[in-house]
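Enquirer: What follows is a structure written as structure tokens; I'll ask about it next.
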Amino acid sequence: MDRRQETLIRRLAENHRLETEEYAALIRERDPESAALLAELAVAERRKWYGDAVYTRGLIEISNHCRNDCCYCGIRRSNRNCDRYRLTPEEIMSCCEEGYGLGFRTFVMQGGEDGYYTDDRLCPLIREIKARWPDCDVTPSLGERSRESYARLRAAGADRYLLRHETADPDHYAALHPPEMSFQHRMGCLKDLRDLGYQVGCGFMVGSPGQTAEHLAKDLTFIEKFQPEMCGIGPFLPQKDTPFGGEAPGSGELTCFLLSVIRLIVPRVLLPATTALGTLDPFGREKGLMAGANVVMPNLSPMSVRQEYALYDNKIATGEESAQSRDRLAERVRNAGFRLVMDRGDCARSE
Ligand code: SF4
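In terms of our numbering, the sequence shown opens at residue 13 and continues consecutively.
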């Protein structure tokens, strides 16, 4: 690590910000030594706010129908090889019931942009979950919706919302999405969610086709300005039936480097060690935690549909990735030097 890298890292740890070009230089000139220093500072920062706690969220993949055609996604509408499913509200309730029994206190309802799940269907469902388990948090992750729809879900009891921005560069956004999707609209959705009082999660893929250090630097500047409560990043992983099926996967090493950087930009952020990281590398989850992540999201979806929610190839959905194997996951988290915590785990600043 040269002098300049070390200066940038120490300044980032001190001020929680850098110029966009400085982020790009940090990424381009990274080496194992600079990654180690960043991770050390990131872990110390996380410890300040969260001690050794790693929070869990129960992930329920409610539908793999989607009206969109994102070039990287295995459940895009034009993938004819995808077996479509949709959980009924009753099935979602029984996932929550099982999850609650296993100790989960946050349910992430993730799905494609499925027209079936209108506000009139989602709001009663959210209300019922909150009424039956008032100590639980409901986090929809259902893509772009109207401001009015976000307001209705919020009024029904949703506390958080996850919507990855995917890339903060408009041209790169256009390269990853079909023409009918708009960067401005995606950013507008994030602003609406923030205005409506949600705890908001953004995020992006690392190593998506065409991505450069300059694109990633813009993502980091966006995160610095937006100050999300959650931020999901994971390596890009190709899915064979998509236009990007032949592309190389993203890097786990760079993902971990960026987890450390994001921890230093927004010290109190809730930062998952994502399933994609665990799919790329059997120890990806642990490496993510050791780089500064503090959330894991095991799968609570019914076993019968888990293989169908294939955003990318070879996605892990059993073993420690399964909510039913919570004890094994707790053991692995403990072995990495942390403690698995089942409570709601709000962002420290909102407590
Ligand atoms: S990334 Fe999301 S919006 Fe895009 S096709 Fe996949 S599920 Fe649909």
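Idealized CB from N, CA, C, for every residue including glycine.
Should E33 be labelled buried (16 or more other beta-carbon atoms within 10 Å of its own) or exposed?
Expert: That one is exposed.
Enquirer: Return helix, strand or coil for A37, following the three-state DSSP convention.
Expert: Correct three-state label for A37: helix.
Enquirer: Determine, using beta carbons only, whether D64 and G257 come nearer to each other than 8 Å.
Expert: For D64 and G257, no; Cβs fall outside 8 Å.
Enquirer: Tell whether a beta-carbon distance below 8 Å holds between P294 and W61.
Expert: Not closer than 8 Å, so no.
Enquirer: So does E125 have its beta carbon nearer than 7 Å to some heavy atom of the ligand SF4?
Expert: Yes, since a heavy atom of the ligand SF4 falls inside the 7 Å radius drawn around the Cβ of E125.
Enquirer: Measuring CA to CA, which of G357, E298, T179 is closest to S220?
Expert: Nearest option by C-alpha distance: T179.
Enquirer: If you follow the beta strand (DSSP E) that A342 is part of, which residue opens it and which one closes it?
Expert: Run containing A342: none in the beta strand (DSSP E); it sits in the alpha helix (DSSP H), 338 to 347.
Enquirer: State the Cα-Cα distance for the pair C5 and Q251, rounded to the nearest angstrom.
Expert: Residue 5 falls outside the range modelled here, since the chain spans only 13 to 363, and no answer is possible.
Enquirer: For Y173 and P152, which I take to be in contact (beta-carbon distance under 8 Å), what is that distance rounded to the nearest angstrom?
Expert: Yes, they are in contact, since the Cβ atoms of Y173 and P152 sit about 6 Å apart, within 8 Å.
Enquirer: Roughly how many angstroms lie between the CA atoms of I72 and L99, to the nearest whole one?
Expert: Taking the straight line from one Cα to the other gives about 9 Å.
Enquirer: Do the region 39 to 55 and the region 237 to 251 meet, that is, are 3 or more Cβ pairs less than 8 Å apart?
Expert: Short answer: they don't touch.
Enquirer: Restricting to runs no shorter than 4 residues, where is the alpha helix (DSSP H) found entirely within the region 213 to 245?
Expert: Qualifying alpha helix (DSSP H) stretches, in chain order: 225 to 238.
Enquirer: Straight-line CA distance for S158 to R198?
Expert: Those two C-alpha atoms are separated by around 11 Å.
Enquirer: Going by other Cβ atoms of all chains shown within 10 Å of its Cβ, with 16 needed for buried, is K327 buried or exposed?
Expert: Its Cβ being crowded by 16 or more others within 10 Å, K327 is buried.
Enquirer: What does the Cβ neighbour count give for M315, buried or exposed, with the cut at 16 atoms within 10 Å?
Expert: Label assigned to M315: exposed.
Enquirer: Any idea if A51 is buried or exposed, counting beta-carbon neighbours within 10 angstroms, 16 or more meaning buried?
Expert: With 16 or more Cβ atoms within 10 Å of its Cβ, A51 is classed as buried.
Enquirer: Out of T254, G290, L341, C135, state which residue places its alpha-carbon closest to the alpha-carbon of L323.
Expert: The shortest Cα separation from L323 among T254, G290, L341, C135 belongs to T254.
Enquirer: Give me the Cα-Cα distance between F269 and A47, rounded to the nearest whole angstrom.
Expert: Their Cα atoms are separated by approximately 6 Å.
Enquirer: Alpha carbons only, please: which of E41, V218, R346, L175 is nearest the one belonging to Q211?
Expert: Taking only the C-alpha atoms, the option nearest Q211 is L175.
Enquirer: Do G304 and R351 count as a contact pair if the criterion is CB distance below 8 Å?
Expert: Not in contact: R351 and G304 (Cβ atoms no closer than 8 Å).
Enquirer: For the ligand SF4, I want to know if C85 counts as a neighbour, meaning its beta carbon is within less than 7 Å of at least one of the ligand's heavy atoms.
Expert: Yes, Cβ of C85 sits closer than 7 Å to a heavy atom of the ligand SF4.
Enquirer: From the DSSP output, in three-state form, read off Q319 for me.
Expert: Residue state, collapsed to three classes: coil.
Enquirer: When we look at the beta-carbon of I102 and count the other beta-carbons within 10 Å, is it buried (16 or more) or exposed?
Expert: In the sequence under discussion, the amino acid at residue 102 is Glu, which differs from the Ile named in the question. It counts as exposed.
Enquirer: Alpha carbon to alpha carbon, how far is R15 from G244? Give it in angstroms, no decimals.
Expert: Whole-angstrom Cα-Cα distance: 31 Å.
Enquirer: With respect to the alpha helix (DSSP H) encompassing V273, which residues constitute its N-terminal and C-terminal limits?
Expert: Counting along the chain, the alpha helix (DSSP H) containing V273 begins and ends at 264 to 277.
Enquirer: Assign R144 to one of two classes, buried (16 or more other C-beta atoms within 10 Å of its C-beta) or exposed (fewer than that).
Expert: With fewer than 16 other Cβ atoms within 10 Å, it is exposed.
Enquirer: Measuring only from the beta carbon, is N27 closer than 7 Å to any heavy atom that is part of the ligand SF4?
Expert: No - the ligand SF4 has no heavy atom lying nearer than 7 Å to the Cβ of N27.
Enquirer: Starting from the N-terminal side, write out each stretch of the beta strand (DSSP E) that is 3 residues or longer and does not extend beyond the region 93 to 156.
Expert: Segments of the beta strand (DSSP E) lying fully in the region 93 to 156: 118 to 123, 149 to 153.
Enquirer: Could you tell me how far apart the beta carbons of L301 and V273 are, in whole angstroms, since I believe they sit closer than 8 Å?
Expert: Not really, about 16 Å apart at Cβ, beyond 8 Å.
Enquirer: Threshold first: 4 residues or longer. Then list the alpha helix (DSSP H) segments lying entirely within the region 162 to 210, N to C.
Expert: Those alpha helix (DSSP H) runs which fall completely within the region 162 to 210 and span 4+ residues are 182 to 188, 195 to 207.
Enquirer: Excluding five sequence neighbours on each side, which residues of the same chain lie with their C-beta closer than 7 Å to the C-beta of E364?
Expert: As displayed, the chain neither begins before 13 nor continues past 363, which places residue 364 out of reach and without an answer.
Enquirer: Assign R59 to one of three DSSP states: helix, strand, or coil.
Expert: It is helical.
Enquirer: Checking 8 Å against the spacing of the C-beta atoms, do V281 and V66 come in under that value?
Expert: In this structure, V66 does not lie closer than 8 Å to V281 by Cβ.
Enquirer: Nearest CA to the CA of F119: which residue from E320, L312, R344, R318?
Expert: Ranking E320, L312, R344, R318 by Cα distance to F119 puts L312 first.
Enquirer: Going by the CB atoms, is the gap between C78 and R89 shorter than 8 Å?
Expert: Closer than 8 Å, so yes.
Enquirer: Helix, strand or coil for N27, going by three-state DSSP, please let me know.
Expert: Here N27 sits in helix by DSSP.
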